[in-house]
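**Q** Going letter by letter, the sequence shown gives residues 1 to 468 in the UniProt record's numbering. Backbone N, C-alpha and C define an ideal beta-carbon position, used for all residues, glycine too. Treat the numbers as computed from the prediction; the structure is a model and nothing was measured. Here it is, the structure, as structure tokens.
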Amino acid sequence: MFISSCSEKTLLRMLQITLASVSEPYLMSSPVALLLFSSKDEAMKNLYLRNSHRMFNYGPLFVGLIIYFFTVVWAAGTSVAAGILVPMLVIGALYGRILGLMLVDIFGVHLDKSYWSWLDPGAFALIGSASFFSGVARLAPAITSIMMELTNDLKVLLPVMTAVVVAKWVGDYLTHPFFHALLELKCIPFLNQQPNVRINKQNVKLELFTAADIMAFPVVTLNLVEHVPTLAQKLLDHTHNGFPVLKELPSGECVFHGLITRSELLVMLENKDVLKPGPFDPLDDKDLDIAPIGYDSMLRGPEEREQMQEKFLQQFVDSTSHLNHFKNHYVDLTAYLNMSAMSVPCKFSLHRAYTLISALGLRHLTVVDECNQVKGIITRKDLMGFHMVETLGNIMETRPYFTNDGNGKPAANSNAVSGKSVPTIEEEDEEQGEAHLEDGERRSSVRGRVNPVASATDVELNVVAEDC
Numbered sequence: 001m002f003i004s005s006c007s008e009k010t011l012l013r014m015l016q017i018t019l020a021s022v023s024e025p026y027l028m029s030s031p032v033a034l035l036l037f038s039s040k041d042e043a044m045k046n047l048y049l050r051n052s053h054r055m056f057n058y059g060p061l062f063v064g065l066i067i068y069f070f071t072v073v074w075a076a077g078t079s080v081a082a083g084i085l086v087p088m089l090v091i092g093a094l095y096g097r098i099l100g101l102m103l104v105d106i107f108g109v110h111l112d113k114s115y116w117s118w119l120d121p122g123a124f125a126l127i128g129s130a131s132f133f134s135g136v137a138r139l140a141p142a143i144t145s146i147m148m149e150l151t152n153d154l155k156v157l158l159p160v161m162t163a164v165v166v167a168k169w170v171g172d173y174l175t176h177p178f179f180h181a182l183l184e185l186k187c188i189p190f191l192n193q194q195p196n197v198r199i200n201k202q203n204v205k206l207e208l209f210t211a212a213d214i215m216a217f218p219v220v221t222l223n224l225v226e227h228v229p230t231l232a233q234k235l236l237d238h239t240h241n242g243f244p245v246l247k248e249l250p251s252g253e254c255v256f257h258g259l260i261t262r263s264e265l266l267v268m269l270e271n272k273d274v275l276k277p278g279p280f281d282p283l284d285d286k287d288l289d290i291a292p293i294g295y296d297s298m299l300r301g302p303e304e305r306e307q308m309q310e311k312f313l314q315q316f317v318d319s320t321s322h323l324n325h326f327k328n329h330y331v332d333l334t335a336y337l338n339m340s341a342m343s344v345p346c347k348f349s350l351h352r353a354y355t356l357i358s359a360l361g362l363r364h365l366t367v368v369d370e371c372n373q374v375k376g377i378i379t380r381k382d383l384m385g386f387h388m389v390e391t392l393g394n395i396m397e398t399r400p401y402f403t404n405d406g407n408g409k410p411a412a413n414s415n416a417v418s419g420k421s422v423p424t425i426e427e428e429d430e431e432q433g434e435a436h437l438e439d440g441e442r443r444s445s446v447r448g449r450v451n452p453v454a455s456a457t458d459v460e461l462n463v464v465a466e467d468c
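Okay, here's the thing in structure tokens:
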């Protein structure tokens, strides 16, 4: 009866295990060895095997789960060229098969096509793999497709989708994804697609702030024609990776002209053909004389360049160095800077600046005034959540139009100074043109009227009364 009820795939898999036991007897004699010492794809096939309810008991499954789980936790994030995808699937399959074995002990083994035939530890192993994978990676649609392509079993599509979604919800409620944790561990400034800044347990509307509120200043800038020792000293004194380049106008004002990175400056200093005695005027775009820079220098790794740059730059500054003859040399940055570097005005919306940097993958965003003079610079680190919470929180405490009474206390969402209910922006739009103030008919600016803090579920912006 057992043979007649088993599928052909199950019989073939049993035959493979039997043949393997002839060449490697320890695999068949110990289920733990079958899980640990066989290849990972073989272990997954054994765990997903249908109509093999008693192939593994609780002991081997718990032992394999403990060993796999703590080994993956210890090895995750190391520099070893090995991923955690297959171990994640094995861990999920182990606890999924444990749950399936518990249900089999309660409801019994059903090999016929009855209602309870879906109680198969192999099916629960597949669902467990999908749930653990989703809880770690949080990629619900992709994980469902991957699991279906692995097994080609559409009968478990709905349980797999349910397990994936529930695991993602629970994981999002508890903590961020594992790969985001690795980014934080490696201090990589990763920005979400949309900003989420919360102060006093309330969401902050970044549209009410400007780029000048979050920018870093003062900015270390360079001239189009820079003195070599001065350039080397700036690179020694500052660890910035991007420097705005200024161009002097006939009126004497220095305006933003482009951006150049630290690595490009180091490569230029290594190439002595770029350094020329001066001073001299910057070349026009039509008369650019670009000195060739070796491609090998650009391919040099950041760690290697960081180890040698301090000693190398010090030679340009030290008067006793053999590179002291470059003390009267200059470098023309016209041909090497990025003239397409983006810049925004000081009053540019902070929310749109965030969108620019995150969507376009920018590393630096220069902030200029009306005269195109550099006032600050925004990097990804300036837009990290903890930095914006601290900076914007201080701004909200000091600016009176962010409060009801002007004393630095947060404005209430439902109270006005007069004690009456405060109309929302939507209500004002419906009655546009009918609002009157004591000193005449006008609409105050959004920044002067809107409370920048709104709850996560309440998206209405409340109006704050102004002293007229």
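Do you know whose CA, among Lys205, Gly100 and Ser358, lies nearest glutamine 193's CA?
**A** Ranking Lys205, Gly100 and Ser358 by Cα distance to glutamine 193 puts Ser358 first.
**Q** Assuming glycine 278 and valine 245 form a contact by the criterion Cβ under 8 Å, report the distance between their Cβ atoms to the nearest whole angstrom.
**A** Actually they do not touch by this definition, with Cβ atoms about 17 Å apart.
**Q** Specify, as a first and last residue, the run of the beta strand (DSSP E) that isoleucine 98 falls within.
**A** Isoleucine 98 -> not in any beta strand (DSSP E); alpha helix (DSSP H) instead, spanning 85-107.
**Q** Indicate the three-state DSSP secondary structure (helix, strand or coil) for phenylalanine 132 in the structure shown.
**A** Of the three classes helix, strand and coil, the one that applies to phenylalanine 132 here is helix, per DSSP.
**Q** Which residues does DSSP pair with alanine 216 in a beta bridge?
**A** Answer is Ile377.
**Q** If contacts are defined as beta-carbon pairs under 8 Å, then valine 165 and alanine 140 qualify, I think. What distance do you get, rounded to the angstrom?
**A** Rounded, the Cβ-Cβ distance is 6 Å, consistent with contact.
**Q** From threonine 398 to leucine 365, what does the alpha carbon distance come to, in whole angstroms?
**A** Rounded to whole angstroms, threonine 398 to leucine 365 spans 26 Å at the Cα level.
**Q** Roughly how many whole angstroms lie between the Cα atoms of histidine 387 and methionine 88?
**A** Distance between the alpha carbons of histidine 387 and methionine 88: 34 Å.
**Q** What's the call for glutamate 310, buried or exposed, on a 16-neighbour Cβ count within 10 Å?
**A** So glutamate 310 ends up on the exposed side.
**Q** Quick check on DSSP: helix, strand or coil for glutamine 202?
**A** If DSSP states are grouped into helix, strand and coil, glutamine 202 belongs with the strands.
**Q** Please return the same chain residues whose Cβ sits closer than 6 Å to the Cβ of glutamate 222, not counting the five positions on each side in sequence.
**A** The sequence shown places leucine at residue 222, not glutamate. Result list for leucine 222: Phe243 and Val245, in chain order.
**Q** Under a three-way DSSP split, which group does leucine 222 fall into?
**A** Leucine 222: strand per DSSP, three-state reduction.
**Q** In this structure, does DSSP put glutamate 460 in helix, strand or coil?
**A** For glutamate 460, the predicted model reports a pLDDT of 32, less than 50, meaning its position is unreliable; a value from the coordinates is still stated below. Note: glutamate 460 maps to coil in three-state DSSP.
**Q** Once DSSP output is grouped into helix, strand and coil, what is the label at glutamate 400?
**A** For clarity, residue 400 is proline in the given sequence; the question names glutamate instead. Three-state DSSP puts proline 400 in a helix.
**Q** Beta carbon of glycine 108, beta carbon of glycine 135: below 9 Å?
**A** In this structure, glycine 135 does not lie closer than 9 Å to glycine 108 by Cβ.
**Q** If you drop the 5 nearest sequence neighbours on each side, which residues of the same chain put their C-beta closer than 6 Å to that of valine 446?
**A** Confidence at valine 446 is low in this model, with a pLDDT of 35, below 50, so the placement of that residue should be treated as unreliable; the coordinate-derived value is given next. None.
**Q** When burial is assigned at 16 or more other CB atoms within 10 Å of the CB, is glycine 128 buried or exposed?
**A** Buried, since its Cβ has 16 or more Cβ neighbours within 10 Å.
**Q** Tell me which same chain residues have a C-beta within less than 6 Å of the C-beta of proline 177, skipping the five on either side of it?
**A** Cβ within range, chain order: Arg138.
**Q** Helix, strand or coil: which one does DSSP assign to aspartate 273?
**A** Helix.
**Q** Below 9 Å between beta carbons: does that hold for isoleucine 91 and leucine 61?
**A** No; because the gap between Cβ atoms is not below 9 Å, this pair is not in contact.
**Q** What is the residue span of the alpha helix (DSSP H) that serine 79 lies within?
**A** No alpha helix (DSSP H) contains serine 79, which DSSP labels as neither H nor E.
**Q** Could you name the residues that DSSP lists as bridge partners for proline 121?
**A** DSSP, once it has assigned bridges, lists no residue as partnering proline 121.
**Q** What distance in whole Å lies between the Cβ atoms of valine 344 and alanine 216, which are believed to be in contact at a cut-off of 8 Å?
**A** The Cβ separation is near 14 Å, so there is no contact.
**Q** Which residue or residues does DSSP assign as beta-bridge partners of serine 349?
**A** In DSSP, serine 349 forms a bridge with Thr210.
**Q** Would you kindly report the start and end of the unbroken beta strand (DSSP E) that includes aspartate 332?
**A** Segment 329-332, the beta strand (DSSP E) holding aspartate 332.
**Q** Looking at the secondary structure, which residues open and close the alpha helix (DSSP H) in which threonine 144 lies?
**A** First-last of the alpha helix (DSSP H) with threonine 144: 140-151.
**Q** Can you tell me whether valine 197 is helix, strand or coil according to DSSP?
**A** Correct three-state label for valine 197: coil.
**Q** For the alpha helix (DSSP H) containing glutamate 42, name the first residue and the last one.
**A** It spans 40-48 - the alpha helix (DSSP H) in which glutamate 42 sits, taken as one unbroken run.
**Q** Give me the Cβ distance between isoleucine 214 and leucine 333, rounded to the nearest whole Å; I'm assuming they're in contact under 8 Å.
**A** Between leucine 333 and isoleucine 214 the Cβ distance is about 28 Å, and since that is not below 8 Å, they are no contact.
**Q** Can you name, in chain order, every residue of its own chain whose Cβ lies under 7 Å from the Cβ of valine 331, other than the five neighbours on each side?
**A** Contacts found: Glu226, Val228, Leu231, Met268, Val274 and Leu275.
**Q** To the nearest angstrom, how far is it from the Cα of arginine 50 to the Cα of serine 349?
**A** Rounded to whole angstroms, arginine 50 to serine 349 spans 58 Å at the Cα level.
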